[in-house]
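Protein sequence lines correspond, in order, to chains X and G.
Taking this note's numbering, I'd label the letters of the first sequence as residues 16 to 618.
Taking this note's numbering, I'd label the letters of the second sequence as residues 172 to 436.
Glycine residues also receive a C-beta, built at the ideal position from the N, C-alpha and C atoms.
Values in this document were obtained by computation on a predicted structure and should not be read as measured data.
Following: one structure in structure tokens, then a few remarks.
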Amino acid sequence: MTAVKADNIYFSYRSYSEEDDRPESVSKALDGLSIEIGKGEYVAVLGPNGSGKSTLAKLIDVLGMPDEGKLAVLGYDSKDRDHFWDIRENCAYVFQNPDNQLIGTIVEEDVAFGPENLGVPLPELRERVDRALEYVGLKDLAKRQTATLSGGQKQKLAVAGALAMEPEILILDESTSMLDPQSREELLEIVGKINREKKTTVINITHDMNEAAGCDRAFVIENGKVTLSGRPYEIFADRKAASGSGLMCPVYVDLAFEIAALAGKESLDPDTIINEETCSDFLSDLLLNISASCEVPAPVSADDPARDVILSVRNLDHTYENSEEKVLDDFSLDIMRGEILAVVGRSGCGKTTLISHLNGILKPSSGDVVFFTPDKRELHAGNKKDLRELRKHVGLLFQYPEYQLFEETIYKDIGYGLKVLDIDEKDRDKLIRQAADAAGFPQEMLDRSPFEMSGGRKRRAAIAGVLVMKPDVLVLDEPASGLDPRGRIEMFSMLGQLKAAGTTVVLVSHNMDEAQRYADRICIIRDGKAAVTGRPGDIFENEGKARSLGLAMPSLFVFSEMIQKKTAAALPGILWEKHGRTPADEAAAMVRSIIRYRREHDV
Amino acid sequence: MFKDISLGKYYETDSVIHKADPRIKFVLYIVYVVAIFTVRTIPGLIALTGVTLLMFIAAKIPPSVMWSSVKPVVPIAVFIFIINILSIRSGKILWEWGMIKVTDESLFKAFLMMMRLLFLIVITSILLTLTTTPLKISDALEKLFGPLKKIRVPVHEVAMMMSIALRFIPTLTEEAQKIMKAQVSRGADFDTGSFVRRLKGYVTVIIPLFVSSFKRADELATAMDARCYRGGEGRTKLNPLRIVPADILTGFLLLAGAAVIFIIR
Numbered sequence: 016m017t018a019v020k021a022d023n024i025y026f027s028y029r030s031y032s033e034e035d036d037r038p039e040s041v042s043k044a045l046d047g048l049s050i051e052i053g054k055g056e057y058v059a060v061l062g063p064n065g066s067g068k069s070t071l072a073k074l075i076d077v078l079g080m081p082d083e084g085k086l087a088v089l090g091y092d093s094k095d096r097d098h099f100w101d102i103r104e105n106c107a108y109v110f111q112n113p114d115n116q117l118i119g120t121i122v123e124e125d126v127a128f129g130p131e132n133l134g135v136p137l138p139e140l141r142e143r144v145d146r147a148l149e150y151v152g153l154k155d156l157a158k159r160q161t162a163t164l165s166g167g168q169k170q171k172l173a174v175a176g177a178l179a180m181e182p183e184i185l186i187l188d189e190s191t192s193m194l195d196p197q198s199r200e201e202l203l204e205i206v207g208k209i210n211r212e213k214k215t216t217v218i219n220i221t222h223d224m225n226e227a228a229g230c231d232r233a234f235v236i237e238n239g240k241v242t243l244s245g246r247p248y249e250i251f252a253d254r255k256a257a258s259g260s261g262l263m264c265p266v267y268v269d270l271a272f273e274i275a276a277l278a279g280k281e282s283l284d285p286d287t288i289i290n291e292e293t294c295s296d297f298l299s300d301l302l303l304n305i306s307a308s309c310e311v312p313a314p315v316s317a318d319d320p321a322r323d324v325i326l327s328v329r330n331l332d333h334t335y336e337n338s339e340e341k342v343l344d345d346f347s348l349d350i351m352r353g354e355i356l357a358v359v360g361r362s363g364c365g366k367t368t369l370i371s372h373l374n375g376i377l378k379p380s381s382g383d384v385v386f387f388t389p390d391k392r393e394l395h396a397g398n399k400k401d402l403r404e405l406r407k408h409v410g411l412l413f414q415y416p417e418y419q420l421f422e423e424t425i426y427k428d429i430g431y432g433l434k435v436l437d438i439d440e441k442d443r444d445k446l447i448r449q450a451a452d453a454a455g456f457p458q459e460m461l462d463r464s465p466f467e468m469s470g471g472r473k474r475r476a477a478i479a480g481v482l483v484m485k486p487d488v489l490v491l492d493e494p495a496s497g498l499d500p501r502g503r504i505e506m507f508s509m510l511g512q513l514k515a516a517g518t519t520v521v522l523v524s525h526n527m528d529e530a531q532r533y534a535d536r537i538c539i540i541r542d543g544k545a546a547v548t549g550r551p552g553d554i555f556e557n558e559g560k561a562r563s564l565g566l567a568m569p570s571l572f573v574f575s576e577m578i579q580k581k582t583a584a585a586l587p588g589i590l591w592e593k594h595g596r597t598p599a600d601e602a603a604a605m606v607r608s609i610i611r612y613r614r615e616h617d618v
Numbered sequence: 172m173f174k175d176i177s178l179g180k181y182y183e184t185d186s187v188i189h190k191a192d193p194r195i196k197f198v199l200y201i202v203y204v205v206a207i208f209t210v211r212t213i214p215g216l217i218a219l220t221g222v223t224l225l226m227f228i229a230a231k232i233p234p235s236v237m238w239s240s241v242k243p244v245v246p247i248a249v250f251i252f253i254i255n256i257l258s259i260r261s262g263k264i265l266w267e268w269g270m271i272k273v274t275d276e277s278l279f280k281a282f283l284m285m286m287r288l289l290f291l292i293v294i295t296s297i298l299l300t301l302t303t304t305p306l307k308i309s310d311a312l313e314k315l316f317g318p319l320k321k322i323r324v325p326v327h328e329v330a331m332m333m334s335i336a337l338r339f340i341p342t343l344t345e346e347a348q349k350i351m352k353a354q355v356s357r358g359a360d361f362d363t364g365s366f367v368r369r370l371k372g373y374v375t376v377i378i379p380l381f382v383s384s385f386k387r388a389d390e391l392a393t394a395m396d397a398r399c400y401r402g403g404e405g406r407t408k409l410n411p412l413r414i415v416p417a418d419i420l421t422g423f424l425l426l427a428g429a430a431v432i433f434i435i436r
């Protein structure tokens, strides 16, 4: 039985002129797309932003109808008016932004919204609501206000609302993209359970390849067409096509390809990378049989850590209004000139509170934040006189900074801070253009309105609006959230360029993998304190050390230690080199360790 | 400025007032509003204070929560007090300085006006906003004005719009604060500088807030569509309004309180 069958469907968004209702512009979203999804399947839909993934999902839920081609959902033609409600009542849709899909003020009222619309009568309605809340683990919060829930809880609530409608198809439209890793995992676990226990068909639109790896099948959509489809590992094995489609593979697949390349293999059999287990077996065999003559790059030398302090956080305390608990508790941290520092911690651990102190948006109630100017003066965040100058030196961007754009053109918006400072027009123009370049925003689009461009562009414009003040320290809260894989890579490479140009970068993240890969140092916040601070290679030197610090290892290191354990059984007493930053470094380090072992033990 | 908005801030607890049927509360609320404006003597004010105090205790609202909904209105109340003192010129002069005359009558009337406003806020909070979820208020309005559907007044739609507006107040308040912080770090000025400069600061918050509200509205509409919303026809309710004997008793007691105020005035 098929749940969804699309046959060569087309769909375009049209905007109409306000005066005479004539179509003004047409943008193609689906361009001859065909897809077939079986009942009870769990599929991932991948592809860059703007490729038509959400459009497809909306057409499945008859929130629109294809312009051409035939789309059948649960056996009904989506254009058949008689079966409109048969389709929609059996499809549930969980959107990306938790705040924009909750209708009820109280948790249980929100869950009931769907079944109320279906006209489910009372004793059953109450049962459905209670069951759905129980299923997602929110039973205790049934009477709470929706506005007081955390992002992860809100999204679970949205899933409960979907579940209460007892759908046959559950669509997740980037539903995990605004969540922290733990909430994401919990949500996916619930969705997996729904799929297994209730045999609900799940269509998960996502940018996260680890999510995709756990699905039955994956589809890649690009420019309104399905370009790749198959089991997730089959897609990952076709590396050229996958990277051409802007996909990032799970880290274990990346490492597998790097090790294989050193062993002289250019391609991998999909069956060897089904999951981490099969893949680590295969790689440990490959490593044991690696030829002594293979060419391994020399170790990458680490940069000189000796730098001076640029920003010093000293014994900061912070307590929210109407709360007893300290978010920051005697928090101290030195930020070094010219480094990329990642501040990592769980949601609600005080990351945002910390960075709000860095440029004096929050006044330290006890403790201090001190900035050292290039000419060795000290600026104190607790000192009102210093605030203005401090904010010029320390630029701050909150999460989703694109929401702060307000001028009619990007050019004016970037220049806003300069205008407030009364800088004359000629200098302003130069600075605005430099800032646009530094943030990777195209010069020719500076005269456009911020409200007519893609999210990624808007974010760059917002970053340029802070860079224009030429800050010495740039502080960013989750700069890559909501971007697709390609956008994420570009964002981090932009931060790398800023660092190369001498800017100190502080980035807040809950993604340990990205912190490990892109940051020079990591600071982990726990219980309101800087629990661990150090280079990723040091704090994650090995699993034992990470565990003693109470940290979860980055996935690259977890996987490589899995291979090392399997390999070490055949090479007693082997000493492994320190973990590398990228999969390529890591692969080279492992191969070098094995070659050295052989040389030393004459095997 | 934004964080003081307490409209729609439901305070969850278990009290007689919380449990009472919102229709009864709403009708009695109207009665009390009329009662507040009929009070014109000191004994009347004392009666009003006594009844309000009893209601406040019955509602089990902590004083700090109550204060946070009254606080934003205090400046307006003080302003009304001053305006009334200055504008009422009859009665016995107690104090005089140039143009300014304070008479016993102006003092009393100004005090009365100020107290009426404060009581209006307190009673609105006790009977409606703090003790009744927005959804229940809109349910009550939908039911009370239900007969108007016959003359094609979109009662259900208006009630739905109202409850959504209330649902989004905390979300938008939070967003406004976030945007404000972001603009401050770009040099916007909300607290110091000239009036024009501050006003310009607020523009940088209001425009993004509007833009994002439209986006939210659009997404919310799609989400409601996806959850099969199709108007009030054929909808069931998880918590249908039902009047139980206890509600009648609560209603009767509240009515008695209002009657006392009416009699003493």
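Asked	Found
So P136/X contacts chain G; which residues on that side make the cut at Cβ distance below 9 Å?	T407
Mark Q512/X as exposed unless 16 or more other C-beta atoms lie within 10 angstroms of its C-beta, in which case mark it buried.	exposed
Can you give, in chain order, each stretch of the alpha helix (DSSP H) that sits fully within the region 231–274 of chain X and has at least 4 residues?	247–252, 254–259
Should L356/X be listed as close to the ligand SAM, given that the test is whether its C-beta is under 8 Å from any heavy atom?	Only the bare structure without any ligand can be found here, which leaves the ligand SAM out of the picture.
Hey, would you say N219/X sits closer than 9 Å to S190/X, going by beta carbons?	yes
Using the beta-carbon of each residue, which ones in chain X are nearer than 7 Å to Y373/G?	Those within 7 Å of Y373/G in chain X number zero; the least Cβ separation is about 11 Å.
From the DSSP output, read off the bridge partner residues of F386/X.	L326/X, L394/X
Helix or strand or just coil, what does DSSP make of H333/X?	strand
For K174/G, count neighbouring Cβ atoms within 10 angstroms of its own Cβ and tell me buried if that reaches 16, exposed if not.	In this predicted model, K174/G has a pLDDT of only 45, less than 50, meaning its place in the structure is not dependable enough to derive any value.
Measure from the C-beta of L178/G to each C-beta in chain X and report whether the shortest distance is under 9 Å.	Note on L178/G: pLDDT 49, under 50, position unreliable in the model; the coordinate value appears next. It does not: the Cβ of L178/G has no partner Cβ on chain X nearer than 9 Å.
One question on the structure: do T344/G and Y182/G come within less than 9 Å of each other, judged by their Cβ atoms?	no
Sorted by chain position, which residues of the same chain lie with C-beta nearer than 7 Å to Q197/X's C-beta, five sequence neighbours on each side aside?	R361
Figure out for me which residue from A313/X, P314/X, G279/X, S327/X has the closest Cα to the Cα of N304/X.	G279/X
Who does F346/X pair with in a DSSP beta bridge?	L331/X
Quick check on DSSP: helix, strand or coil for K43/X?	strand
Alpha carbon to alpha carbon, what distance is there between S282/X and Y248/X?	13 Å
If you compare alpha carbons, which of D185/G, I188/G, F208/G is closest to R135/G?	Outside the displayed range of chain G (172 to 436) lies residue 135/G, so it cannot be described from this structure.
CB-CB under 6 Å to G262/G, same chain, minus the five flanking residues each way: which ones, in chain order?	T274, D275, E276
Please confirm if S122/G has its CB atom under 9 Å from at least one CB of chain X.	Residue 122/G is absent from the model: chain G starts at 172 and stops at 436.
Is the separation between the beta-carbon of L117/X and that of R338/G shorter than 9 Å?	yes
Suppose the cutoff is 7 Å on Cβ atoms and the five residues either side in sequence are ignored; what does the same chain contact list for L178/G look like?	Unreliable placement is indicated for L178/G, whose pLDDT of 49 sits below 50; the coordinate value is still reported in the next sentence. Same-chain partners within the cutoff: T300, I340.
Which bits of chain X does E390/G rub up against, with CB to CB less than 8 Å?	F110, N112, N115, Q116
Pick out whichever of D444/X, S464/X, K473/X, K445/X has its Cα sitting closest to the Cα of F456/X.	K473/X
Taking the continuous alpha helix (DSSP H) assigned at E124/X, which residues delimit it?	122–133
Hey, is T393/G's beta-carbon within less than 9 Å of any beta-carbon in chain X?	yes
Mark S93/X as exposed unless 16 or more other C-beta atoms lie within 10 angstroms of its C-beta, in which case mark it buried.	buried
When the Cα atoms are used, what is the spatial distance from V488/X to D437/X?	22 Å
Using a C-beta cutoff of 9 Å, does L319/G count as contacting chain X?	no
By how many angstroms is the C-alpha of S30/X removed from the C-alpha of A107/X?	28 Å
Among all the DSSP beta bridges, which residues are the ones paired with K20/X?	E51/X, A87/X
In its own chain, which residues sit with a C-beta less than 7 Å from the C-beta of R368/G, not counting the 5 before and 5 after it?	D360
Would S371/X pass as an interface residue toward chain G - the criterion being a Cβ-Cβ separation below 9 Å?	yes
Can you tell me whether Y267/X is buried or exposed, with buried defined as 16 or more other CB within 10 angstroms of its CB?	buried
I want to verify the contact list: residues of chain G whose CB lies under 7 Å from the CB of I376/X, in sequence order.	K352, V355, S356
Check distances from the C-beta atoms of the region 158–175 of chain X to those of chain G and list, in chain order, the residues that come in under 7 Å.	K158, Q160, A162
What is the rounded straight-line gap between the Cα of S258/G and the Cα of T220/G?	26 Å
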